[in-house]
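Structure record follows, encoded as structure tokens.
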Amino acid sequence: ELNSESYMKEIKQITEKIMIRKGIKRVDESKIFVDIDKIKDCLKDNIEEMFNKYYLKTLLLYFYLHYPYILLFDLVSEYLMKINNY
Numbered sequence: 505e506l507n508s509e510s511y512m513k514e515i516k517q518i519t520e521k522i523m524i525r526k527g528i529k530r531v532d533e534s535k536i537f538v539d540i541d542k543i544k545d546c547l548k549d550n551i552e553e554m555f556n557k558y559y560l561k562t563l564l565l566y567f568y569l570h571y572p573y574i575l576l577f578d579l580v581s582e583y584l585m586k587i588n589n590y
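So in the numbering used here, the last one in the sequence shown is 590, and the numbering has no gaps at all.
Put into structure tokens, the structure is as follows:
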């Protein structure tokens, strides 16, 4: 009877280990992996582009309101050349 109890205890421990391994495997298989560096790069590019557009619009509006006699085309051309060289 002592052997029977010992065997049952061992079977229970082995079964628990198997169930834990199966649970861990299931969790690992269902994980979603995210490329954080790629997301950061995309966001950086988008933020840079949005900022450049905002800056250009703000700059044009400022010059239009304060210096209407300046040719805006020249300002835009210079600005675009400047940001494209970076």
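Note that CB positions come from ideal geometry on N, CA and C, so glycine has one too.
Bear in mind the structure is a predicted one, so any value in this text is a computation, not a measurement.
Span of the alpha helix (DSSP H) around residue i
i: LYS535; result: Neither: LYS535 is in no alpha helix (DSSP H) and is coded neither H nor E.
8 angstroms Cβ cutoff met for residue i and residue j
i: TYR583; j: LEU565; result: no
i: ILE522; j: ASN556; result: no
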